[in-house]
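Working notes for the structure below.
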Amino acid sequence: MAALRAFLASPAGRFVTRYALALAVGFIVIALRPVNDHVVNPYTTFVAHEARLALNLMGEGASVRGQTLSSRRFSVQIYNGCNGLEAILIFVSGVLAFPARWQRKVVGMLAGFLAIQLVNIIRVVSLFYVGVFYPGWFATTHIFVWQSIVIVFGVLLWLLWVHRYALSPVER
Amino acid sequence: MPSRRSNADLARFLRRLPLAVVIAAAIWFAIRPLYNPVICTLGQVVARAFEYPRVAKIVLDGKDAVIGRTDLRADSAWLKVSLTQIHFNIIPFMALFLAMPRPFSRGGLKALLTALGVLLLSHVVALLLNVKVYYSFNLGAWSRINYSDFARNIYGGLRYFFDIAVTFALPLLLWVGLFPERVFRLLGFDQETAARHAGRAS
């Protein structure tokens, strides 16, 4: 018990506590029905359209109906949970939990949002082509390859933000 | 700017990370055939410990767990859950661990075992939440009679939180929480500086 108290009072313990709190609040907010209906669902549709644009740049002739991305060769539905929003929330919680000035946090959150968006589009497009050419590998690639990459990418972004930007030289 | 020492540490970490991901995935592939039955068995034991009559059934089916009840007809609904989805987060955690300089030195092994214990616990809890979701959503009239809307919302919400938030966030939390000195050194400052700064910023 004393060890736990000492850990929670340490900088790492404070980070873990704040991170868990920010994450819980964030996930509760996006799970609320009004937020889901007016923010999460439109955002998922937006992601589907971004992926459609990327696929069409490669001549795939894809279209979007609701949150389903289709071409003549393959079709994939983008569910909530696959739209990158949760990965963004996980990164943003790390930024919020770290003791830096608000201006630096806002810049970190915006940059992270854009970077994770980009990676998520690459993920959706690559999964689409896995579905076209190696459909037997779709589930494996979807679950353990890309989800692992997304987690490691989120941690890397956070590391680089803290290392390069979160603290000014005077604050170190 | 961060010190030259921390730049070198971070650069080494980043160089090691791709190989660490591959090794972590290989370890996960190797232990998966042993790990899947362990979490199914533990999940069933714990589920039965908190119910009466003790009827929860979790059967391993390839890479999935199939959840049912022994007191219902054989043709009743069963729920298939991907075990890969539950425990793939071992890969990113192991990758972050292995990419650190000298990961097994200075208590590294003990911290690793602690982290793997926490991950195992989280995987069993995730499976248990799937059992509760199966009971409260998938059994038609039986579910509606035995579980209120409020209970269904709670179990559904908790499963969603465990499926995504906990699964995705645990690798970073365990890495920072169990290897604070090394992670702070990678970030470019020691714990004392972090403590001083935390006091100023909060």
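Protein chains in written order, with the working numbering: chain D, 1 to 172; chain V, 1001 to 1202. Cβ atoms here follow ideal geometry from the backbone N, Cα and C, with glycine treated the same way.
Between the CA atoms of residue j and residue i - distance to the nearest angstrom
i         : j         : result
V/Leu1170 : D/Gly66   : 32 Å
V/Asn1153 : V/Ala1011 : 46 Å
D/Arg164  : D/Leu156  : 12 Å
D/Phe15   : D/Gly94   : 8 Å
V/Glu1181 : V/Ala1077 : 50 Å
V/Phe1179 : V/Leu1109 : 11 Å
V/Asn1138 : D/Leu21   : 31 Å
D/Phe98   : V/Ala1025 : 29 Å
V/Ala1201 : D/Val107  : With a pLDDT of 48 at V/Ala1201, under the threshold of 50, the modelled position of this residue cannot be trusted, and the question is left open.
D/His142  : D/Gln77   : 12 Å
D/Leu159  : V/Phe1093 : 15 Å
D/Arg73   : D/Ala51   : 15 Å
V/Arg1048 : V/Leu1121 : 16 Å
V/Val1113 : D/Ala2    : For the record, residue 1113 of chain V in the displayed sequence is Leu; it is not Val. Distance between the alpha carbons of V/Leu1113 and D/Ala2 is about 21 Å.
V/Val1131 : V/Glu1051 : 11 Å
D/Leu53   : V/Phe1150 : 41 Å
D/Arg88   : D/Phe144  : Note on residue identity: the sequence assigns Ile, not Arg, to residue 88 of chain D. Looking at the two C-alpha atoms, the distance is approximately 18 Å.
D/Gly112  : V/Leu1172 : 16 Å
D/Phe90   : V/Val1166 : It should be noted that the sequence gives Ile, not Phe, for residue 90 of chain D. Going from the Cα of D/Ile90 to the Cα of V/Val1166 covers about 10 Å.
D/Ser10   : V/Arg1185 : 15 Å
D/Leu85   : V/Leu1034 : 33 Å
D/Leu23   : D/Val92   : 9 Å
V/Leu1212 : V/Asp1163 : This structure gives no information on residue 1212 of chain V, because the portion of chain V shown stretches from 1001 to 1202.
V/Thr1041 : D/Thr140  : 24 Å
V/Gly1068 : D/Leu69   : 34 Å
V/Val1133 : V/Asn1089 : 22 Å
D/Phe153  : V/Gly1043 : 31 Å
V/Gly1156 : D/Pro135  : 30 Å
V/Arg1144 : V/Ser1136 : 7 Å
D/Val64   : V/Val1055 : 45 Å
D/Ala115  : V/Asn1007 : 22 Å
D/Leu110  : D/Gln117  : 11 Å
V/Asp1061 : D/Val47   : 34 Å
D/Ser148  : D/Trp161  : 20 Å
V/Phe1168 : V/Phe1161 : 10 Å
Outcome for residue i when other beta-carbon atoms lying within 10 angstroms are tallied against a minimum of 16
i         : result
D/Phe133  : exposed
D/Val130  : buried
V/Arg1073 : exposed
D/Ile151  : buried
V/Ile1086 : buried
V/Ala1126 : buried
V/Ile1039 : buried
V/Val1124 : buried
D/Gln103  : exposed
V/Ala1141 : exposed
D/Arg5    : exposed
V/Gly1107 : exposed
D/Ile28   : exposed
V/Asp1009 : buried
Contact set for residue i: own chain, Cβ-Cβ below 6 Å, skip 5 residues either direction
i         : result
V/Arg1015 : none
V/Pro1018 : none
V/Pro1103 : Phe1097
D/Ser71   : Glu60, Gly61 and Ala62
V/Val1066 : Val1059, Trp1078 and Lys1080
D/Phe7    : Gly13
D/Arg18   : Ala97
D/Ile30   : Val40
D/Trp137  : Val130
V/Thr1070 : Val1055 and Lys1057
D/Trp146  : Arg123
Contacting residues, own chain, Cβ-Cβ under 8 Å from residue i (five flanking each side not counted)
i         : result
V/Val1118 : Leu1170 and Leu1174
V/Lys1063 : Arg1032, Asn1036, Ser1082, Leu1083 and Thr1084
V/Val1203 : Given that chain V is displayed from residue 1001 to residue 1202, the structure contains no residue 1203 of chain V and the question cannot be resolved.
Same chain, Cβ closer than 7 Å to residue i, neighbours up to 5 away in sequence not counted
i         : result
V/Leu1203 : There is simply no residue 1203 of chain V to check, as chain V begins at 1001 and stops at 1202 in what is shown.
V/Met1100 : Phe1013, Phe1179 and Arg1182
V/Ala1111 : Leu1178 and Phe1179
V/Ala1115 : Phe1093, Leu1174 and Leu1178
V/Ala1095 : Leu1017, Ala1020, Val1021 and Ala1024
D/Thr44   : Gln67, Ile78, Asn80 and Asn83
D/Val125  : Ala51, Ala54 and Leu55
Item to complete: Let me know the beta strand (DSSP E) ranges lying completely inside the region 43-79 of chain D, each 3 residues or longer, listed in chain order.
Response: 63-65, 68-70 and 75-77
Worksheet item: For the region 129-151 of chain D, which residues have a beta carbon sitting closer than 7 Å to at least one beta carbon of chain V?
Response: Ile143, Phe144, Gln147, Ser148 and Ile151
Worksheet item: At what residue ranges does the region 1049-1135 of chain V contain a whole run of the beta strand (DSSP E), taking only runs of 3 or more?
Response: 1056-1061, 1064-1069 and 1079-1082
Item to complete: Could you please tell me which residues of the region 1077-1089 of chain V, in chain order, have their CB closer than 8 Å to any CB of chain D?
Response: Ser1082, Thr1084, Gln1085, Phe1088 and Asn1089
Discussion item. Along the region 6-24 of chain D, where does the CB come closer than 8 Å to a CB of chain V? Name the residues.
Written reply: Phe7, Ser10, Pro11, Ala12, Gly13, Arg14, Phe15, Val16, Tyr19, Ala20, Leu23 and Ala24
Worksheet item: Which residues, in chain order, does the region 1171-1188 of chain V contribute to contact with chain D at a C-beta distance below 8 Å?
Response: Pro1171, Leu1172, Leu1173, Trp1175, Val1176, Gly1177, Pro1180, Val1183, Phe1184, Leu1186, Leu1187 and Gly1188
Discussion item. So if I threshold CB-CB distances at 9 Å, which residues from the region 1142-1155 of chain V count as touching chain D?
Written reply: none
Discussion item. Taking beta-carbon pairs under 8 Å, can you tell me which members of the region 64-88 of chain D lie near chain V?
Written reply: Gly81, Glu86 and Ala87
Worksheet entry | Residues from the region 27-51 of chain D in contact with chain V, defined by Cβ distance under 9 Å | Phe27, Ile28 and Ala31
Worksheet entry | Members of the region 109-129 of chain D near chain V, C-beta cut-off 7 Å | none
Worksheet entry | Ranges of the alpha helix (DSSP H) found wholly within the region 80-158 of chain D, counting only runs of at least 4 | 85-97 and 102-133
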